[in-house]
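Colleague: Structure provided below as structure tokens; questions to follow.
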Amino acid sequence: MKSDIFKQRAKAFDYLFDALVVTDMQGIIADWNKGSEILYGYTREEAVGQPVNILHVPEDIEQISSEVISAVEKYGKWTGEVRMLHKNGDIGWVESICVPIYDSNNQMIGAL
Numbered sequence: 072m073k074s075d076i077f078k079q080r081a082k083a084f085d086y087l088f089d090a091l092v093v094t095d096m097q098g099i100i101a102d103w104n105k106g107s108e109i110l111y112g113y114t115r116e117e118a119v120g121q122p123v124n125i126l127h128v129p130e131d132i133e134q135i136s137s138e139v140i141s142a143v144e145k146y147g148k149w150t151g152e153v154r155m156l157h158k159n160g161d162i163g164w165v166e167s168i169c170v171p172i173y174d175s176n177n178q179m180i181g182a183l
């Protein structure tokens with residue numbers, strides 16, 4: 072029964088139109104859906120294992136990182152608009168949300 076629920080959740084995650092990027096605590100991409108493939112141009116295989124910073128304009132990375140970490144620590148989430156970097160080098164704007172992911176012991180293990 073539980074495995075069916077996990078399969079359904081995985082299917083829903085993959086078929087959402089919005090880009091969903093899951094990272095670990097080191098900012099490494101742990102999962103990636105089809106919406107992310109469309110928005111950023113990387114396949115799941117190319118993205119998983121890469122630093123999330125490949126999705127940001129290099130000169131914005133430091134500001135984004137400090138702003139997101141501060142807001143997540145203070146408010147439990149961050150929302151804002153950031154410049155994104157497509158695999159082909161194109162730059163665009165995206166509205167983004169970052170929320171922490173917790174394990175069963177309520178320890179933060181990553182972000183969505």
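Residues 72 to 183 in this note's numbering are what the sequence shown spells out, letter by letter.
All C-beta atoms in this analysis are idealised placements derived from N, C-alpha and C, irrespective of residue type, glycine included.
(1) Taking the alpha-carbon positions, what's the H127 to E133 distance?
(2) May I ask which residues mark the beginning and end of the alpha helix (DSSP H) holding E130?
(3) Starting from S107, trace the alpha helix (DSSP H) in both directions and tell me its first and last residue.
(4) Which stretch, first to last residue, makes up the alpha helix (DSSP H) that contains A90?
(5) So what does DSSP say about V123, is it helix, strand or coil?
(6) At what residues does the beta strand (DSSP E) containing T150 begin and finish?
(7) Take every Cβ of the stretch 149 to 165, pair it with every Cβ of the stretch 110 to 117, and state whether three or more of those distances are shorter than 8 Å.
(8) Beta-carbon separation of F123 and V92 under 8 Å?
(9) Go to M96, then tell me how far its beta strand (DSSP E) extends in each direction, as first and last residue.
Modeller: According to the structure shown:
(1) Within the sequence shown, numbered from 1, the residue matching residue 127 stands at position 56. Within the sequence shown, numbered from 1, the residue matching residue 133 stands at position 62. H127 and E133: Cα-Cα distance of roughly 10 Å.
(2) Counting from 1 along the sequence shown, the entry for residue 130 is found at position 59. Here E130 belongs to no alpha helix (DSSP H), and DSSP marks it neither H nor E.
(3) Start at 1 with the first residue of the sequence shown, and residue 107 comes out as number 36. Unbroken alpha helix (DSSP H) run through S107: 105 to 111.
(4) Stepping through the sequence shown from its first residue, residue 90 is reached at position 19. Note, A90: premise wrong, no alpha helix (DSSP H); not H, not E.
(5) The residue labelled residue 123 in the question sits at position 52 within the sequence shown. V123 carries a helical assignment under DSSP once its states are collapsed to helix, strand and coil.
(6) To locate residue 150, count along the sequence shown from 1; it is residue 79. Element bounds for T150: 149 to 156.
(7) Contact check between the stretch 149 to 165 and the stretch 110 to 117: three or more CB pairs, one atom from each, fall below 8 Å, which counts as touching.
(8) Numbered from 1 along the sequence shown, position 52 holds the residue referred to as residue 123. Numbered from 1 along the sequence shown, position 21 holds the residue referred to as residue 92. Checking the displayed sequence, the identity of residue 123 turns out to be Val instead of Phe. Yes, these two residues count as a Cβ contact at 8 Å.
(9) On the sequence shown, position 25 is the one that residue 96 refers to. Looking at the DSSP string, M96 is not in any beta strand (DSSP E), and its letter there is neither H nor E.
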